[in-house]
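For reference, the structure is listed below as C-alpha cells.
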Amino acid sequence: MVSKILDWLLITIRQNYLPNDDNSTEINSIVVAATTDGKQRSNTEVNIKFGLLKARPRNVKITCVYRDKNKWSSEGCQWGGPDNEDSCICNHLSSFAVLMSKEPLKVLWLEQVTYVGLGISIVSLFIGLLIELVVWSDVVKTNTLYLRHTAHVNISLCLLVGNACFLASSETKSITEAWCRTSAVLKHFCYLAMFFWMLCLSTTLLHQTVFLFHKVSKKSYLRFSLALGYGCPVIVVFVTFLSYGAGSEGVYYSKDTCWLVYSGLFKGSIYTFVIPVATIVFINVFSMLVVIMKLLSHNQNADMSQEKEKAAAKTVLRSVILLTPIFGVTWVFGLATMIIDLTSGIQADVVNYIFVVLNAFQVGSTLFMKCNRKPQPLTHQRKHSHKVRLGLMLKMKSIYSLV
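Mapped onto my numbering, the consecutive letters of the sequence shown carry residue numbers 493 to 895.
Here it is in C-alpha cells:
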C-alpha cells in the first residue's frame, strides 16, 4: 500500500480529454494522475473515486482504464460495481479515467428465449380458452365450479392480452412513445387483473366453505367478481397514471422496457403493482388455510347438495394452491430483474432466465388446471338408465334375429 501519495492531480479539464480508441465507449470522467515521491513501491493498490460526468444508466457497464502507450488499457484495474459505480481499484500508478459503454448490457439469448416463451404462452392460452368454450356447459354444474371456470377464463384472458402487449413492445427502439406508454398501461392493468381474479377465486371459495348454508346466485358471483377483478385494477392504474406525471416517460413507465419504473427501495411506479400483488398473495394464503381446516372438519348432517359443493370446493382449492405460488414466485423474480443490475455478474443472468421460464410455465399451469379434471363417477340413476338402455338393445337384437 502506498504510504504517502504526494499528488492527486486533475491534469485535464473536460474539454481536453485524451482520445478514445473504442467507439463503443465514451470517457465519463476527468483524467486523474497518481504519483509518489519517486521511491519504488511494491504491491501498490490505488483506490480512486471519480466524479462521473454523466449519470450511469441502468445495466450500462463502466470500465476503469489507464493510459498505456497512447491507448487505454484496463489491465490491473477493477471497477467497484453498481454499488460503488464511481470507484476504481488499480494495482499501479498512472493516469486514470473511466470509460462508459454507450449501450446497456444484454443477456445472451434472452430475447430469443423470451420470444419462444411468449409464443408458447399465447398459443397455450388460446388452446385453454377453446377448451373452456367446448366443455363449459358440462363443467359449471355447481355455483363453486361456475366460479372456478369463470375465474380461469378471465385469468387466461388477462394473461393473453398482457403477454401479447409484452411481445408487441419487446423491440422498444422501433416503437413509438405513445404505443410504449399504452403498452405499459395495458400490461399494468392486465397483470393486476390476473391477481385480482385470483383474489375473487379465494374469497368466494372462503365464503362458500365457511357459510355453507348461505347460498349465493351465479349472477351475484359474477357481479362481485367483475367489480373486484376489473374494477379494482382500473382504479389502481388510473390513480397511478395520474400520480406519476400523468403517465410521463421515466416517471410512470420506462422507454427501455415499456413497463413500470423502479427507482429504488419503495420508490417508483412498480410498487403500485408489487404492493397489491403481495397483499393478494397474503390473503390467498390465509384463505387457503381457513378453507383446508374447514374441509377437514367432517359434518355428519351434510346433505347431498352440500357434499357436492364441498367436492367442488376441493377442486377450486387445488387451483388456488397451484396458481398462487406459481404466479407469486414468477413476479418475485420479475421484480428481481428490475432490482439486480446486469453488471452485477452471473446472478443477474440467472434471475432473468428464471423469470422468462417461469413466465411461460405459469401459462402451462392454467392449461393444466383446465385439463386436470377427474371424471365424475356414474350416479345410481345414470347406472340404472344405462342398464335399461342396454336391456332394450339386447331385446331388439333378439327380435331382429328371429325375424
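Virtual Cβ for every residue (Gly too), placed ideally from N, Cα, C.
_Between the CA atoms of residue 693 and residue 637 - distance to the nearest angstrom_ = Indexing the sequence shown from 1 puts residue 637 at position 145. Indexing the sequence shown from 1 puts residue 693 at position 201. Cα to Cα, the separation comes out at about 10 Å.
*Can you round the beta-carbon distance between residue 765 and residue 721 to whole angstroms, since I take them to be within the 8 Å contact cut?*
Mapped onto the sequence shown, residue 765 falls at position 273. Mapped onto the sequence shown, residue 721 falls at position 229. About 16 Å separates the two Cβ atoms, so there is no contact after all.
*asked:* If I measure Cβ to Cβ from residue 852 and keep anything under 6 Å in the same chain, skipping five residues before and after, which residues do I get?
replied: As a working mapping, residue 852 is identified with position 360 in the sequence shown. Result list for residue 852: 609, 612, 613, in chain order.
*Quick one: any contact between the region 727 to 738 and the region 770 to 786, if contact means 3 or more CB pairs under 8 Å?*
no
*Could you spell out the range, first to last residue, of the alpha helix (DSSP H) harbouring residue 776?*
In the sequence shown, the residue the question calls residue 776 occupies position 284. Annotation for residue 776: the continuous alpha helix (DSSP H) segment containing it runs 763 to 788.
*Please state if the CB of residue 654 and the CB of residue 682 are separated by a distance shorter than 7 Å.*
Your numbering for residue 682 matches position 190 in the sequence shown. Your numbering for residue 654 matches position 162 in the sequence shown. It is a contact, given that the beta carbons lie within the stated cut-off.
*Rounded to a whole number of angstroms, what is the C-alpha to C-alpha distance between residue 677 and residue 847?*
As a working mapping, residue 677 is identified with position 185 in the sequence shown. As a working mapping, residue 847 is identified with position 355 in the sequence shown. Taking the straight line joining both Cα atoms gives about 21 Å.
*Straight-line Cα distance separating residue 540 from residue 743*: Taking the first residue of the sequence shown as position 1, residue 743 is located at position 251. Taking the first residue of the sequence shown as position 1, residue 540 is located at position 48. So the two alpha carbons sit approximately 33 Å from each other.
*Work out the CA separation of residue 713 and residue 698 for me, nearest whole Å.*
Indexing the sequence shown from 1 puts residue 698 at position 206. Indexing the sequence shown from 1 puts residue 713 at position 221. Cα-Cα distance, rounded: 13 Å.
_With H, G and I counted as helix, E and B as strand and the rest as coil, what does DSSP make of residue 744?_
Your numbering for residue 744 matches position 252 in the sequence shown. Here residue 744 sits in coil by DSSP.
*Would residue 599 pass as a contact of residue 841 if the rule is Cβ separation under 7 Å?*
Position 107 of the sequence shown holds residue 599. Position 349 of the sequence shown holds residue 841. Cβ atoms of residue 599 and residue 841: closer than 7 Å.
*Is it buried or exposed for residue 715, if we count other Cβ within 10 angstroms and need 16 for buried?*
Residue mapping note: residue 715 aligns to position 223 of the sequence shown, counting from 1. It is exposed - the Cβ of residue 715 has fewer than 16 other Cβ atoms within 10 Å.
*Would DSSP call residue 629 helix, strand or coil?*
In the sequence shown, counting from the first residue as 1, residue 629 sits at position 137. Of the three classes helix, strand and coil, the one that applies to residue 629 here is helix, per DSSP.
*Do residue 525 and residue 587 come within 7 Å of each other at the CB atom, strictly closer than that value?*
Walking along the sequence shown from the start, residue 587 turns up at place 95. Walking along the sequence shown from the start, residue 525 turns up at place 33. Yes. Within cutoff.
*For the candidate residues 771, 850, 826, 557, whose alpha-carbon lies nearest to that of residue 568?*
Residue numbering aside, residue 568 sits at position 76 when the sequence shown is read from its first letter. Nearest of 771, 850, 826, 557 to residue 568, Cα basis: 557.
*When you compare each of 658, 665, 657, 625 to residue 642 by their alpha carbons, which one comes out closest?*
For the purposes of this step, residue 642 is identified with residue 150 of the sequence shown, where counting begins at 1. The shortest C-alpha separation from residue 642 is found at 625.
*Cβ-based neighbour list, residue 571, same chain, cut-off 7 Å, excluding 5 preceding and 5 following*: The count along the sequence shown starts at 1 and reaches residue 571 at position 79. The answer, listed in chain order, is 554, 555, 556, 580.
_Contacts around residue 658, its chain only, beta-carbon distance under 7 Å, and the 5 residues preceding and following it disregarded_ = As a working note, residue 658 is residue 166 in the sequence shown. Excluding sequence neighbours, residue 658 sits near 610, 679.
_Heavy atom of the ligand NAD within 6 Å of residue 850 beta-carbon_ = Absent from the structure shown: the ligand NAD. Ligands present: none.
*Would you kindly report the start and end of the unbroken alpha helix (DSSP H) that includes residue 715?*
Position 223 of the sequence shown, counting from 1, holds the residue named residue 715. For residue 715, the enclosing alpha helix (DSSP H) covers residues 710 to 718.
*How far does the alpha helix (DSSP H) with residue 685 in it reach, from first residue to last?*
On the sequence shown, position 193 is the one that residue 685 refers to. 669 to 702 is the extent of the alpha helix (DSSP H) around residue 685.
*Using the rule of at least 16 other Cβ atoms within 10 Å of the residue's Cβ for burial, across every protein chain shown, is residue 630 buried or exposed?*
Start at 1 with the first residue of the sequence shown, and residue 630 comes out as number 138. Flag for residue 630 reads exposed.
*Look up residue 577 in the DSSP assignment and give the residues it is bridged to.*
Stepping through the sequence shown from its first residue, residue 577 is reached at position 85. Answer is none; residue 577 lacks a bridge partner.
*Please go through the same chain and pick out, in chain order, the residues whose beta-carbon is closer than 6 Å to the beta-carbon of residue 515, but skip the five residues on each side of it.*
What you label residue 515 is simply residue 23 of the sequence shown in a count that begins at 1. Leaving aside the five residues that flank residue 515 on each side, none in its chain has a CB nearer than 6 Å to its CB.
*According to DSSP, is residue 638 helix, strand or coil?*
The residue you call residue 638 lines up with position 146 of the sequence shown. DSSP, reduced to helix, strand and coil, places residue 638 within a helical segment of the structure shown.
*Should residue 833 go down as buried or exposed, given a rule of 16 or more other Cβ atoms within 10 Å for buried?*
The residue you call residue 833 lines up with position 341 of the sequence shown. Residue 833 is buried by the Cβ-count criterion.
_Proximal residues to residue 607 (C-beta, below 8 Å), its chain only, five neighbours per side dropped_ = Within the sequence shown, the letter at position 115 stands for residue 607. Answer for residue 607: 659, 662, listed in chain order.
*asked:* Let me check one thing: in DSSP terms, what residues is residue 591 bridge-paired to?
replied: Counting from 1 along the sequence shown, the entry for residue 591 is found at position 99. DSSP output for residue 591 lists 519, 555 as bridge partner(s).
*Taking C-beta to C-beta, are residue 575 and residue 542 nearer than 7 Å?*
What you label residue 575 is simply residue 83 of the sequence shown in a count that begins at 1. What you label residue 542 is simply residue 50 of the sequence shown in a count that begins at 1. Against a cut-off of 7 Å, the Cβ pair of residue 542 and residue 575 comes out as no contact.
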